[in-house]
Amino acid sequence: MRKRLGFAAVVALLALLLAPVPATARSDAGPPVTVPALTDWTAETGSYAYGPRTRLVADSAAERRIAATLADDLRSAGHGRAAVVRGGARPGDIVINVQPSRSTLGTEGYELHAGTRLSITGATETGAFYGTRTLLQLLAQGDRIPAGRTIDVPRYKERGVGVCACYIHISLPWLENLVREMAYHKLNQLLVELKVKSDAHPEADTWGYYTKDEIRQLVALGDKYHVEIIPEINSPGHIDPWIENRPDLQLTDSDGDKQPSRLDITQQAAFDYYTSLMDEYAQVFTAKSWHMGADEYMLGSDFAKYPQILEYAREKYGPDATPQDAFVDFVNRVHDYAASKGVGLRIWNDGLTGANTVPVKTDTTVEHWLNVAVKPSALIAQGYSVMNSAYSLYLIRGGFHSDTESLYDQSWDPRSFEGEKLASSKGVTGAKISLWPDNGRGETENEVAVRLWPALRHVAQATWGDPHPDATYAKFVARGTAVGHAPGWRDLTRVPVADGTYTFGRSFTASVQHTADGYVTLRSAAGCLAISGGKLTLNVPLQPGVEATWDTCDATSTLQRWVPEPVAGGYRLVNAITRMALTATDDGRIVQYPPDQRTPTVWHLS
Numbered sequence: 001m002r003k004r005l006g007f008a009a010v011v012a013l014l015a016l017l018l019a020p021v022p023a024t025a026r027s028d029a030g031p032p033v034t035v036p037a038l039t040d041w042t043a044e045t046g047s048y049a050y051g052p053r054t055r056l057v058a059d060s061a062a063e064r065r066i067a068a069t070l071a072d073d074l075r076s077a078g079h080g081r082a083a084v085v086r087g088g089a090r091p092g093d094i095v096i097n098v099q100p101s102r103s104t105l106g107t108e109g110y111e112l113h114a115g116t117r118l119s120i121t122g123a124t125e126t127g128a129f130y131g132t133r134t135l136l137q138l139l140a141q142g143d144r145i146p147a148g149r150t151i152d153v154p155r156y157k158e159r160g161v162g163v164c165a166c167y168i169h170i171s172l173p174w175l176e177n178l179v180r181e182m183a184y185h186k187l188n189q190l191l192v193e194l195k196v197k198s199d200a201h202p203e204a205d206t207w208g209y210y211t212k213d214e215i216r217q218l219v220a221l222g223d224k225y226h227v228e229i230i231p232e233i234n235s236p237g238h239i240d241p242w243i244e245n246r247p248d249l250q251l252t253d254s255d256g257d258k259q260p261s262r263l264d265i266t267q268q269a270a271f272d273y274y275t276s277l278m279d280e281y282a283q284v285f286t287a288k289s290w291h292m293g294a295d296e297y298m299l300g301s302d303f304a305k306y307p308q309i310l311e312y313a314r315e316k317y318g319p320d321a322t323p324q325d326a327f328v329d330f331v332n333r334v335h336d337y338a339a340s341k342g343v344g345l346r347i348w349n350d351g352l353t354g355a356n357t358v359p360v361k362t363d364t365t366v367e368h369w370l371n372v373a374v375k376p377s378a379l380i381a382q383g384y385s386v387m388n389s390a391y392s393l394y395l396i397r398g399g400f401h402s403d404t405e406s407l408y409d410q411s412w413d414p415r416s417f418e419g420e421k422l423a424s425s426k427g428v429t430g431a432k433i434s435l436w437p438d439n440g441r442g443e444t445e446n447e448v449a450v451r452l453w454p455a456l457r458h459v460a461q462a463t464w465g466d467p468h469p470d471a472t473y474a475k476f477v478a479r480g481t482a483v484g485h486a487p488g489w490r491d492l493t494r495v496p497v498a499d500g501t502y503t504f505g506r507s508f509t510a511s512v513q514h515t516a517d518g519y520v521t522l523r524s525a526a527g528c529l530a531i532s533g534g535k536l537t538l539n540v541p542l543q544p545g546v547e548a549t550w551d552t553c554d555a556t557s558t559l560q561r562w563v564p565e566p567v568a569g570g571y572r573l574v575n576a577i578t579r580m581a582l583t584a585t586d587d588g589r590i591v592q593y594p595p596d597q598r599t600p601t602v603w604h605l606s
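Oh and the sequence shown: position 294 is 294 in my numbering, straight run, nothing missing.
Written as structure tokens, this is what we have:
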């Protein structure tokens with residue numbers, strides 16, 4: 001016979017049913033939820049509880065460096081201040097161990113054991129660091145972690161992202177967000193094709209360069225988060241950002257026309273110029289790799305238009321030499337120069353067409369993006385290390401975007417090259433996604449970020465472990481949502497100015513309206529403030545000194561979007577695409593300049 005519950009009992013039962021259940025950062029069907037997913041998890045009884053008395057126990061210098069970074073990230077993620085201490089651990093503590101004797105963990109693997117206390121062990125500092133990234137992902141889902149043990153080792157040694165800030169300027173906060181996100185998902189290599197403002201060659205300092213201090217800041221963040229930041233100056237093709245004002249170094253065709261995008265590889269002066277830039281980059285980059293591009297040298301043309309190249313090749317390598325041998329000769333000379341500095345060389349694959357008699361040095365890493373005659377299997381058989389930088393992993397502003405869902409459903413992994421699927425991973429270093437600004441105004445940085453994060457999580461998963469850990473792509477996306485963004489990640493879509501009408505100093509009055517991608521438009525009776533004049537590069541007006549104009553308002557025009565950057569006394573106005581700030585001139589004009597060329601106007605809004 002059932003008994004009827006009294007009112008007090010009903011209230012007590014509802015309180016029990018509706019009480020919040022402590023989060024345990026786990027899936028009911030398996031191991032705790034992380035990206036990349038854990039493939040080796042042994043569950044134990046109970047759970048680990050992080051709390052206000054948790055300490056980070058670390059003894060050696062390496063362990064204390066890891067613990068210091070973890071303490072910073074715990075604080076940034078809202079988990080309070082955890083003290084870094086030496087000595088014995090007590091319940092609730094987190095113990096960091098670097099034990100070189102644990103060689104089976106490799107250089108990047110780690111063991112994580114959660115019980116009454118939580119321990120992270122790596123054979124190297126990097127391995128233990130990655131264990132702390134897993135811990136942070138688990139704590140993002142709650143302060144209680146199920147008891148258990150995992151050994152987590154990556155399948156591929158190179159797991160990366162490539163960013164071409166090679167013509168346009170990408171903001172430093174955006175790049176810093178990327179470094180943090182990469183580390184959070186255990187990606188370890190960021191290729192940046194960009195221009196560092198040169199002291200040795202000021203004639204090359206066209207916008208959008210980065211100052212040396214900006215690069216030092218980015219590299220320091222990469223070092224802290226175990227992301228190697230590899231620089232690239234593309235050559236001998238696509239080198240126009242560097243030689244557009246150096247016609248003496250430009251390749252001349254048979255009609256006598258200069259080619260600003262092609263370096264004249266037959267000149268010793270061209271080689272000396274390029275290596276002097278390498279030396280200057282070495283002042284700010286610490287990576288042990290150098291990427292010289294070496295792609296698309298004859299894009300839209302052919303060697304027959306440049307008979308001096310064949311002449312150079314035959315003079316150096318004999319009568320059977322081909323023009324391609326002169327190209328390979330330049331690559332090998334750069335290789336040897338880099339090697340003399342203790343740095344390895346990386347190139348794109350499309351220049352290796354098989355039309356050469358002189359081989360590229362085999363300790364050059366080839367990044368394969370395009371399906372050409374020489375397949376990845378052939379490159380590996382010839383002794384090259386090959387990275388998968390497939391076109392299918394590209395994100396192009398205003399153009400092609402990687403279909404992450406389709407790649408996930410195919411169980412894509414780094415053996416899946418353009419034009420060839422390998423049976424073995426031998427010789428494959430890993431994979432990376434690449435961001436290109438072919439139509440520089442096609443999307444804003446914030447719009448690119450929305451597309452990037454799912455692709456980043458996918459390549460992290462495919463290069464670290466099982467490429468298909470969840471039955472559906474939707475579940476994989478949910479996995480990424482659960483772990484969230486890295487500690488310290490900045491929401492760059494937050495606009496510090498409310499919508500409304502403002503007077504900007506003594507210059508103009510405009511209505512500020514937020515855009516969907518996290519910028520503002522400035523509207524007046526004359527139209528919307530824009531940068532639309534001057535020389536275009538990749539469809540972007542990158543010419544300093546160009547005047548801002550009031551154009552017909554167009555919601556699709558990214559050149560009408562602005563970043564109000566807070567500074568003492570007001571705001572700087574930075575164009576979302578050109579990344580130059582506005583300066584009011586004495587004669588009443590408003591012009592754009594890089595912030596290190598002209599002091600930007602501080603706009604007081606009233």
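Where a beta carbon is used, it is the ideal one built from N, C-alpha and C, also for glycine.
- No residue range can be given for Thr493, since it is assigned to no alpha helix (DSSP H) and is classified by DSSP as neither H nor E.
- Between the segment 136 to 155 and the segment 166 to 179, the count of Cβ pairs shorter than 8 Å is below three; the stretches do not touch.
- Bounds of the beta strand (DSSP E) holding Asp551 are 549 to 551.
- The beta carbons of Leu529 and Leu536 sit about 19 Å from each other, so the pair does not count as a contact at 8 Å.
- Ile380 has its alpha-carbon roughly 11 Å from the corresponding atom of Asp363.
- Remark: fewer than three beta-carbon pairs, one from each stretch, lie closer than 8 Å, so the segment 296 to 307 and the segment 334 to 343 are not flagged as touching.
- In this structure, the alpha-carbon of Asp325 lies about 44 Å from that of Thr558.
- Annotated as distal: Val512 and Gly527, with beta-carbon spacing of 8 Å or more.
- Membership of Ala147 in the beta strand (DSSP E) is indicated by the continuous run 144 to 152.
- Sequence-distant partners of Val546 (beyond 5 residues in either direction) whose C-beta falls short of 7 Å from its own C-beta, in its chain, are Ile531, Gly533, Gly534, Val591, Gln592.
- A straight line joining the alpha-carbon of Ala486 with that of Gln560 spans about 31 Å.
- Gly222: member of the alpha helix (DSSP H) spanning 212 to 224, first to last residue.
- In this structure, Gly465 lies away from Arg53, with their beta-carbon atoms at least 8 Å apart.
- Shown here, Thr599 sits in coil according to DSSP, grouped into three states, outside any helix or strand.
- In the three-state reduction of the DSSP assignment, Ala58 falls in the coil class.
- For Glu176, the enclosing alpha helix (DSSP H) has its first and last residue at 172 to 184.
- Glu176 has its alpha-carbon roughly 27 Å from the corresponding atom of Asp240.
- Thr509 and Tyr394 have their C-alpha atoms spaced approximately 41 Å apart.
- In the structure shown, the three-state DSSP call for Asn332 is helix.
- Counted as a single uninterrupted DSSP element, the stretch harbouring Phe504 is not any alpha helix (DSSP H) but the beta strand (DSSP E) occupying residues 500 to 504.
- Straight through space, the alpha carbons of Gly122 and Thr463 are spaced by roughly 19 Å.
- Between the alpha carbons of Asp491 and Leu249 lies a distance of about 43 Å.
- Cβ contact annotation for Thr578 (same chain, cutoff 7 Å, sequence separation greater than five): Ile531, Val540, Pro541, Leu542, Gln592, in chain order.
- A distance below 8 Å separates the beta carbons of Arg397 and Val448.
- Annotation for Thr252: the continuous beta strand (DSSP E) segment containing it runs 250 to 252.
- Comparing alpha carbon positions, the residue from Val227, Pro496, Thr124, Arg457 closest to Ala478 is Arg457.
- With the rule of 3 Cβ pairs closer than 8 Å, the segment 352 to 361 does not count as touching the segment 258 to 268.
- The Cβ atoms of Tyr48 and Ile120 lie no closer than 8 Å to each other.
- Ranked by Cα distance from Leu299, the options Thr252, Asp350, Gly318 are led by Asp350.
- Cys166 is not bridged by DSSP to any residue.
- A straight-line Cα-Cα distance of about 16 Å links Phe330 and Gly318.
- The beta carbon of Asn439 is closer than 8 Å to those of Ile396, Arg397, Gly398, Gly399, Leu538, Asn539 in its chain, skipping five residues each way along the sequence.
- For Val448, there is no enclosing beta strand (DSSP E); the enclosing alpha helix (DSSP H) covers residues 445 to 464.
- For Tyr473, the three-state secondary structure derived from DSSP is helix.
- For the 8 Å CB-CB criterion, Tyr210 and Lys197 form a contact.
- Of Thr286, Phe285, Ala204, Tyr519, the smallest CA-CA separation from Tyr273 is found for Ala204.
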